[in-house]
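**Q**
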Amino acid sequence: MGGTRQSGGLSVNRFALLAALLCSAPAFAAPPKFEHTPPAEVTAGQDVTIKAVIKASGGVFDPYLWYRKVGDKNFKKISLKPGSRNVYSATIPGSEVTADLEYYLQAFDQADLAEGFWASKKNPNHLGVKAAAPKVGTLSVRSDPDGATVDVDGKVVGTSPWAGPLPAGPHTLTVTREGYDPLKLTFTMTPGVDMALPAPLHKSAPTGPGKLSVDTRPMGARLLIDEQGQGRALGSTRSPPSTRGSRPDRKRWRSPPARPRAPRSLWRRPISPRRARAWRSRTSPRPRTRTSP
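Throughout the sequence shown, residue numbering follows the working numbering, covering -6 to 286 in sequence.
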């Protein structure tokens, strides 16, 4: 009848056989379940840690994080490491975080290998990556002498010696101190690079009215400064040097000192007896003669 057939004295009910097979087959297993919140903020060059709670009735097997840069064709995978309270995590290295990312999670049930996903390969989750803030360098200023006021971009920041962070780009440094000329420098800070600037200061030239002294000979001459009368000149108590025999605009000529005269016996020439008698006759007094009246 209906669903019964006899073969070799053995009757088999096909409906009963199908029911027995269905009862003996294992029930269809549920895939693993995921609880995951994407990171709120991701910065270029920094590591990104993805965490998720994964639960499976037969136990979690082979959990993976699949990721790629936006625009790439293939995904890369990282094993999710188990933690406490069914929390699994994996870290994308900062060297890979240079542009926006796409990722999804995958795991299996250990009992029946039922496969579960958070997002999927065809519809991955998009993770935006923002550019890293530029690194800030440090500027050090030391004036010579110390104690000068340090001004950066029109704002007083301290007293020398001074050091502080300064963003990258062009800047203007002004160093001032009373009694010294102000020093002004223009420079450019490089991102993440420290810079030291020496600031040697020079003393300022004296200001205000000065004192002028005028000495004339003879004294009492009238003074005119900028064509205006300013008083009388003072004289000197010393007598003016003599200019006799020389021009006043030239130095006075001085004769060389006389040589010592040699003794007479050294330079007198010998005289012959004849000349000696003639010389005595000329120099001897002549006798006076009287004439008788």
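Virtual Cβ for every residue (Gly too), placed ideally from N, Cα, C.
(1) Measuring CB to CB, does L190 end up less than 8 Å from L205?
(2) Would S153 count as contacting chain C if we go by Cβ distances under 8 Å?
(3) Look up E171 in the DSSP assignment and say whether it is helix, strand or coil.
(4) Round the Cβ separation of S136 and R170 to the nearest angstrom and send it over; I've been treating them as touching at under 8 Å.
(5) Between which two residues does the beta strand (DSSP E) holding E34 run?
(6) So for L259, helix, strand or coil by DSSP?
(7) Taking all protein chains shown into account, decide if W111 is buried (16 or more other Cβ within 10 angstroms of its Cβ) or exposed.
(8) Below 8 Å on the Cβ atoms is my guess for Y60 versus S72; work out the distance and round it to an integer in Å.
(9) Could you tell me which residues DSSP puts in a beta bridge with P193?
(10) Counting C-beta neighbours from all protein chains within 10 Å, is the total for L166 16 or more, i.e. buried, or is it exposed?
(11) Quick one: grab the DSSP three-state call for P266.
(12) Return the CA-CA distance between G157 and G64, expressed in angstroms with no decimal places.
(13) Going by other Cβ atoms of all chains shown within 10 Å of its Cβ, with 16 needed for buried, is L94 buried or exposed?
(14) Are there 16 or more other CB atoms within 10 angstroms of the CB of F180, so buried, or fewer, so exposed?
(15) List, from N- to C-terminal side, the beta strand (DSSP E) runs of 3 residues or more that fit wholly inside the region 106 to 132.
(16) Just how far apart, CA to CA, sit F27 and G52?
(17) Taking C-alpha atoms, which residue in P138, H164, T42 and K48 lies nearest to G130?
(18) Using a Cβ-Cβ cutoff of less than 8 Å, which residues in the same chain neighbour A271 once the five nearest sequence positions on both sides are dropped?
(19) Tell me the DSSP bridge mates of K204?
(20) Given this structure, state the Cα-to-Cα distance separating I85 from N79, to the nearest angstrom.
(21) In whole angstroms, give me the CA-to-CA distance for N67 and T183.
(22) Under the three-state reduction of DSSP, which class applies to A271: helix, strand or coil?
**A** According to the structure data:
(1) By 1-based counting over the sequence shown, the position of residue 190 is 197. By 1-based counting over the sequence shown, the position of residue 205 is 212. Cβ distance not < 8 Å, so L190 and L205 don't count as in contact.
(2) This model lacks chain C altogether; it includes just one protein chain.
(3) Taking the sequence shown and counting its residues from 1, one reaches residue 171 at position 178. Reduced to three states, the DSSP call for E171 is coil.
(4) For the purposes of this step, residue 136 is taken as residue 143 along the sequence shown, with counting starting at 1. For the purposes of this step, residue 170 is taken as residue 177 along the sequence shown, with counting starting at 1. With 8 Å as the limit, S136 and R170 qualify as a contact, their Cβ atoms being about 7 Å apart.
(5) As a first step, residue 34 is located in the sequence shown; it is residue number 41 there, counting from the start. Where E34 is concerned, there is no enclosing beta strand (DSSP E), given that its DSSP letter is neither H nor E.
(6) Here the question's residue 259 lines up with position 266 in the sequence shown. Because the pLDDT at L259 is just 48, under 50, the model does not fix this residue reliably, and the point stays unresolved.
(7) Numbered from 1 along the sequence shown, position 118 holds the residue referred to as residue 111. Here W111 is buried: its Cβ has 16 or more other Cβ atoms, across all protein chains shown, within 10 Å.
(8) For the purposes of this step, residue 60 is taken as the residue at position 67 of the sequence shown. For the purposes of this step, residue 72 is taken as the residue at position 79 of the sequence shown. Y60 to S72, Cβ: 13 Å. No contact.
(9) As a position in the sequence shown, residue 193 is number 200, starting the count at 1. The partner list for P193 (beta bridge, DSSP) reads D137.
(10) Counting from 1 along the sequence shown, the entry for residue 166 is found at position 173. Looking at its Cβ environment, which holds 16 or more other Cβ atoms inside 10 Å, L166 is buried.
(11) Residue 266 sits at position 273 when you count from the first residue of the sequence shown. The answer is helix: DSSP assigns P266 an H, G or I state.
(12) One-based indexing of the sequence shown puts residue 157 at position 164. One-based indexing of the sequence shown puts residue 64 at position 71. Straight-line Cα distance between these residues: approximately 42 Å.
(13) Here residue 94 is taken as the residue at index 101 of the sequence shown, counted from 1. It is buried - the Cβ of L94 has at least 16 other Cβ atoms within 10 Å.
(14) Position 187 of the sequence shown holds residue 180. F180 is exposed by the Cβ-count criterion.
(15) 108 to 111 and 118 to 120
(16) On the sequence shown, residue 27 is found 34 positions in, with the first residue counted as 1. On the sequence shown, residue 52 is found 59 positions in, with the first residue counted as 1. Annotation: F27 to G52 spans about 13 Å, alpha carbon to alpha carbon.
(17) Looking up residue 130 in the sequence shown gives position 137. Comparing Cα positions, the closest option is H164.
(18) As a first step, residue 271 must be located in the sequence shown, where it is residue number 278. Around A271: no qualifying Cβ.
(19) In the sequence shown, counting from the first residue as 1, residue 204 sits at position 211. Partner(s): none; K204 has no beta bridge.
(20) Taking the sequence shown and counting its residues from 1, the one referred to as residue 85 is at position 92. Taking the sequence shown and counting its residues from 1, the one referred to as residue 79 is at position 86. Taking the straight line from one Cα to the other gives about 20 Å.
(21) Taking the sequence shown and counting its residues from 1, one reaches residue 67 at position 74. Taking the sequence shown and counting its residues from 1, one reaches residue 183 at position 190. Roughly 37 Å separates the two Cα atoms.
(22) Counting from one through the sequence shown, the residue named residue 271 turns up at place 278. Looking at A271 - three-state DSSP - the assignment turns out to be helix.
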